[in-house]
Amino acid sequence: MKILHPPGWSRPRGYSNGVAAQGTVVSIAGQIGWNAQQQFETDDLVAQVRQTLANVLAVLAEAGGDSRHLVRMTWYLVDKREYLARAREIGAVYRELMGQNYPAMTAVQVVALMEDRAKVEIECTAVIGPDERAGGT
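Under the working numbering, the first residue of the sequence shown carries the number 1108, and numbering increases by one thereafter.
Written as structure tokens, this is what we have:
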């Protein structure tokens, strides 16, 4: 995987401007903050982000990947102000679950998500190299 950073650009914080990779492409549908039984355990944004990221990782693991294989994430949020106000907490949860991998990311505010209690939805693309599997190189 190669991080794409044009010369002279300021370094982004918490994401990459672009990523180039070769291998098996894994498309992960929008995941939300409910558990494996599709039940919400909380209405707290940070807790939903934690569960959403855990769901992303669970799907990715089914393809033999882990967080370092993520090349793109799109975050859909119902409340931009709450996201910004809790950015430090969200960043800490992100680093705890995803490590220091910062794929190309987009975050947008939406009017609503399909599940009324959902505060965040994240869809991802990962690329697993031909000789890579979780825990490998």
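Beta carbons: idealized from backbone N, C-alpha and C, even for Gly. Note that the coordinates shown come from a computational prediction; the quantities given were computed from them, not determined experimentally.
Residues of its chain near residue i, where Cβ-Cβ distance is below 7 Å and the 5 sequence neighbours each way are ignored
i, result
"Gln1196", "According to the sequence displayed, residue 1196 carries Glu and not Gln. These residues qualify, in order along the chain: Val1153."
"Ala1161", "Leu1204"
"Ile1110", "Ser1123, Val1126"
"Thr1244", "Because the pLDDT of Thr1244 is 43, which lies under 50, any placement of that residue in the model is unreliable, and the number read from its coordinates should be weighed accordingly. Contacts found: none."
Contacting residues, own chain, Cβ-Cβ under 8 Å from residue i (five flanking each side not counted)
i, result
"Pro1113", "Asn1124"
"Arg1193", "Leu1152, Val1153"
Exposure of residue i, with buried meaning 16 or more beta-carbon neighbours within 10 Å
i, result
"Ser1174", "buried"
"Pro1210", "buried"
"Thr1213", "exposed"
"Gln1138", "buried"
"Arg1179", "buried"
"Arg1224", "exposed"
"Arg1157", "buried"
Endpoints, beta strand (DSSP E) assigned at residue i
i, result
"Gln1155", "From DSSP, Gln1155 is part of no beta strand (DSSP E) but of the alpha helix (DSSP H) over 1152-1169."
"Glu1089", "Absent from the model: residue 1089. The displayed extent of the chain is 1108 to 1244, so no value can be given."
"Gln1216", "1211-1216"
"Val1126", "1125-1127"
Beta-carbon contacts of residue i that lie in its chain and below 6 Å, excluding the five residues immediately before and after
i, result
"Lys1226", "Leu1152, Gln1155, Val1185"
First through last residue of the alpha helix (DSSP H) which encompasses residue i
i, result
"Lys1109", "Taken as a continuous stretch (DSSP letters only), Lys1109 belongs to no alpha helix (DSSP H), being part of the beta strand (DSSP E) at 1109-1111."
"Arg1205", "Note that residue 1205 is Met in the sequence shown here, rather than Arg. Looking at the DSSP string, the run of the alpha helix (DSSP H) that includes Met1205 is 1194-1205."
* Asked: Below 8 Å, can you find three or more Cβ-Cβ pairs linking the stretch 1175-1188 to the stretch 1215-1234?
  -> The stretch 1175-1188, when compared against the stretch 1215-1234, does touch it at the 8 Å Cβ threshold.
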